[in-house]
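Residue numbers (this note's numbering): 294 to 482.
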């Protein structure tokens, strides 16, 4: 298997491989183009967001200094908002529902590396998808780690590090994040 085929199959892969790196370069160029555009020029920005992401629902909004690994693995629903300095390391799929707001300086990562120094010297990457439900608000400086699923109607507190799945209808906060409060869902039905 090529390194790109390994990556796409969810297997450990060499992140310095030329084919793997070509995907990243595409995203770097599109992010630079998006970040250079005036924030209030939605007519110009939305087509670039749609070119960068795998799919985007109605009214996607991505603030300045957005960055991602590929973009091709990011799917967002309607009324998506990413504030300033959001980074999505989408080596594996990142699926985000409707009405999701992501605060400034948030990191969503699908990629990790071996604990072994030998594996790190060999440039091994390991990826797991991230899924985020509908009506989620992720506070500033939060970190979502690989393999996490966040339910719907969730608030992730500022600075939280989400290491495990989060159920629907709750507030999580802390390092590592834990459920601190249930939330009523006032839009069901």
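Each residue gets a CB set at the ideal place from its N, CA and C atoms; glycine is no exception.
Values in this document were obtained by computation on a predicted structure and should not be read as measured data.
- Counting only runs of 3 or more residues that sit fully inside the stretch 414 to 455, the beta strand (DSSP E) segments are 417 to 420, 423 to 425, 429 to 431, 447 to 449, in chain order.
- DSSP places residue 325 in the helix class (H, G or I) of the three-state scheme.
- Per DSSP, the unbroken beta strand (DSSP E) holding residue 401 starts and ends at 400 to 402.
- Under the three-state reduction of DSSP output, residue 384 falls in the coil class, being neither helix nor strand.
- In the DSSP assignment, residue 360 is bridged to 380.
- Secondary structure note for residue 466: it is in no alpha helix (DSSP H), and the uninterrupted beta strand (DSSP E) holding it is 463 to 466.
- Look at the beta carbons and you see the stretch 386 to 396 not touching the stretch 408 to 417: under three pairs across the two are nearer than 8 Å.
- Boundaries around residue 341 are those of the alpha helix (DSSP H), 335 to 345, since no beta strand (DSSP E) includes it.
- DSSP, read as helix, strand or coil, puts residue 299 in helix.
- Following the DSSP letters along the chain, one finds residue 474 inside the beta strand (DSSP E) bounded by residues 471 to 475.
- Closest in C-alpha terms to residue 456, from the list 359, 402, 406, 388, comes 402.
- Of all alpha-carbon atoms in 382, 348, 295, the one lying nearest the alpha-carbon of residue 371 is that of 348.
- A direct Cα-to-Cα measurement between residue 477 and residue 368 gives close to 26 Å.
- Apart from the 5 residues on each side of it in sequence, residue 374 sits with its Cβ closer than 6 Å to the Cβ of 354, 394 in its chain, given in chain order.
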